[in-house]
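S.K.: Just passing along the structure, written as structure tokens.
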Amino acid sequence: PDDTQVDAISLSVGATHPMLKGGSLITTVIESIYAHGSLSARENAVMDLTERRRKRNILRHLPAVEFTAGVQNVFIPEESMSYSDDGQTKCIPELKGGRMKVRVLGGFDKDPARTNSRSDDVDIADDILCVQDGIMVVTDFVAESFVLNNETHVNEFPELEILERSLMSVILSGNFGGCIATHLRPQKLESETTSGAKAPNLYNPLEAYEIDFTGSNASLKLKEGSATLGHRRVICPTETRVDLAIVESIVDMSFEGQTECEVSWDFNATSPILQTVDVGLSPRHASHENRKQVELLIHELRQGRLNLNVSSVGGLSVKKAATTREDREGLYDWKFFNALVAPDDESVSRLIQVVHDKRTMKKLLAVIELLNSDLERVARYALTRAWKAKDIFDKEGISDPGKLIPGHRMARLGSLFLCGDLSQ
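According to the numbering used here, the sequence shown is numbered sequentially starting from 1050.
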């Protein structure tokens, strides 16, 4: 036959241990499993005894492969009562409409699936896979519907009115999908890198090969998202979407290397909401009159796109995304996020500008007030003094801290700051 098919498989995985708390039991039904493909000798895969042996030659002698396997439907039956409990967090998952397709390809100059296809039969949106060196594995996955109900034990924190034996309940539902592409191939032969460092040791398997994840992507769309802890609850807007795309990622066999990925988010023009009620009540069951709520994000942060770079040692930095509109600039662009994760010479001035942005800080104060009124009073006092100092500096025309050094000017500014005039 041209391919192999299996109608359905029920897979149950459970784990318990007498020395550990909790346990797990997940039952999944996999329907319509299929697989097809071919193997053939790779071109130029001839052993030459006179050739100098190298670890990197292993991939060249692998057979040419074009293999496809997939599942057309994966779901968790409701009657299975699946759960996962590690003693700290208990999760009850639900899954419907899951699909997955795995393709293994290597040793072909052209995509073998398209060798005999006419040009008008080819879908333009479908990338042509031509893998001559190494092996590429492409995994497409999608879930039309998922639900996660989590309960986590939280330590007592009386200052924030988090009482003993509190549970944080998290509910997430929506759909997700994506594609993971991995290409195992030999590293390029170079006597010396551009930075002057030594070239990879081709006799060491960890350095002779590299893995390319470029082109991988994943997306998540939430239908419902909320987190409840005691008398507080955070609600995420419906149709919230988060996307991740790997722009470039090449690592060696020890997974050392640089990665650049594009991250985008969209809260559907609304903001997550923080709700609070009186201690002892539940935000889910309390009446609207008994709830206090505030939006967590200003308008500029409800949608965004940026590039996140991860260095070989795990350092993070943020840059402007290549797909960002040229006119999308402002206080909360990529430079703001880079100031948080990778401070540089401009980060201090950017964060000071954020502190002086009264609209943002008033939003922050409203959130802090719902968490702890005493902390809100301290933060409001500090911000009020910072705003007053900035107004005085602006009126006096002082933009450089060095201009504060003359004694008469320092006394003048001190009088304006403490007394509001020059009488003292």
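Glycine residues also receive a C-beta, built at the ideal position from the N, C-alpha and C atoms.
Would you kindly report the start and end of the unbroken alpha helix (DSSP H) that includes isoleucine 1211?
M.R.: For the purposes of this step, residue 1211 is taken as residue 162 along the sequence shown, with counting starting at 1. For isoleucine 1211, no alpha helix (DSSP H) encloses it, and the DSSP letter there is neither H nor E.
S.K.: Taking 8 Å as the cut-off, does the region 1199-1213 touch the region 1138-1156 (at least 3 CB pairs, one atom from each stretch)?
M.R.: Taking one beta carbon from each stretch, the region 1138-1156 and the region 1199-1213 have 3 or more pairs nearer than 8 Å; the two touch.
S.K.: State the DSSP-derived secondary structure class of valine 1416, mapped to helix, strand or coil.
M.R.: Locating residue 1416 in the sequence shown gives position 367, where the first residue counts as 1. It is helical.
S.K.: Return yes when the Cβ of isoleucine 1322 is within less than 9 Å of the Cβ of glutamate 1259, no when it is not.
M.R.: As a working note, residue 1259 is residue 210 in the sequence shown. As a working note, residue 1322 is residue 273 in the sequence shown. Contact: no.
S.K.: Looking only at C-alpha atoms, which of Gly1279, Ile1295, Lys1341 and Leu1221 sits nearest to cysteine 1285?
M.R.: For the purposes of this step, residue 1285 is taken as the residue at position 236 of the sequence shown. Of the candidates Gly1279, Ile1295, Lys1341 and Leu1221, the one whose C-alpha sits nearest the C-alpha of cysteine 1285 is Leu1221.
S.K.: From this set, Phe1304, Arg1333, Arg1340 and Asp1423, which residue's C-alpha is nearest aspartate 1327's C-alpha?
M.R.: Numbered from 1 along the sequence shown, position 278 holds the residue referred to as residue 1327. Selection Phe1304, Arg1333, Arg1340 and Asp1423 evaluated against aspartate 1327 yields Arg1340 as nearest (Cα-Cα).
S.K.: Taking the alpha-carbon of serine 1081 as reference, which of Met1068, Gly1063, Val1062 and Ile1058 has the nearest alpha-carbon?
M.R.: Position 32 of the sequence shown, counting from 1, holds the residue named residue 1081. Answer by Cα proximity: Ile1058.
S.K.: Leaving out five residues on either side along the sequence, give the residues of the same chain with a beta carbon under 7 Å from the beta carbon of arginine 1399.
M.R.: Taking the sequence shown and counting its residues from 1, one reaches residue 1399 at position 350. Closer than 7 Å at the Cβ level, and outside the excluded window around arginine 1399, lie Lys1384, Phe1385 and Ala1388.
S.K.: Quick one: what's got a C-beta closer than 6 Å to arginine 1281's C-beta in the same chain, skipping five residues either side?
M.R.: Reading the sequence shown from its first residue, position 232 is the one you call residue 1281. Same-chain partners within the cutoff: Thr1325.
S.K.: Let me know the secondary structure DSSP gives tyrosine 1381 once reduced to three states.
M.R.: If you number the sequence shown from 1, residue 1381 lands on position 332. If DSSP states are grouped into helix, strand and coil, tyrosine 1381 belongs with coil.
S.K.: Select from Leu1330, Ser1218 and Gln1307 the residue whose C-alpha is nearest the C-alpha of serine 1360.
M.R.: Translated into the one-based positions of the sequence shown, residue 1360 becomes position 311. Nearest C-alpha to serine 1360: Gln1307.
S.K.: Identify, in the order they occur along the chain, each residue of the same chain with its Cβ nearer than 6 Å to the Cβ of phenylalanine 1225, setting aside the five sequence neighbours on each side.
M.R.: Walking along the sequence shown from the start, residue 1225 turns up at place 176. Within the same chain, phenylalanine 1225 has close Cβ partners Ala1192 and Leu1269.
S.K.: Looking at the unbroken beta strand (DSSP E) that takes in valine 1151, where does it start and where does it end?
M.R.: Within the sequence shown, numbered from 1, the residue matching residue 1151 stands at position 102. Here the beta strand (DSSP E) through valine 1151 covers 1138-1155.
S.K.: Can you find the residues in the same chain that come closer than 6 Å, C-beta to C-beta, to methionine 1478, ignoring five residues on each side of it along the sequence?
M.R.: Because the chain in this structure spans residues 1050 to 1473, residue 1478 falls outside the shown range and cannot be described.
S.K.: Closest to valine 1362 by C-alpha separation, out of Arg1091, Glu1305 and Gln1121, would be which residue?
M.R.: Sequence index remark: in the sequence shown, residue 1362 carries index 313 (1-based). Ranking Arg1091, Glu1305 and Gln1121 by Cα distance to valine 1362 puts Glu1305 first.
S.K.: Take leucine 1350 and list the residues in its own chain whose beta-carbon comes closer than 7 Å to its own, dropping the five residues that flank it on each side.
M.R.: Along the sequence shown, one-based indexing puts residue 1350 at 301. Only Tyr1381 meet the Cβ criterion.
S.K.: Measure the Cβ-Cβ separation of valine 1296 and serine 1313 and say whether it is below 9 Å.
M.R.: On the sequence shown, position 247 is the one that residue 1296 refers to. On the sequence shown, position 264 is the one that residue 1313 refers to. Cβ distance not < 9 Å, so valine 1296 and serine 1313 don't count as in contact.
S.K.: Across which residues does DSSP place tyrosine 1430 in a beta bridge pair?
M.R.: Along the sequence shown, read from residue 1 onward, the residue named residue 1430 stands at position 381. DSSP lists no partner for tyrosine 1430.
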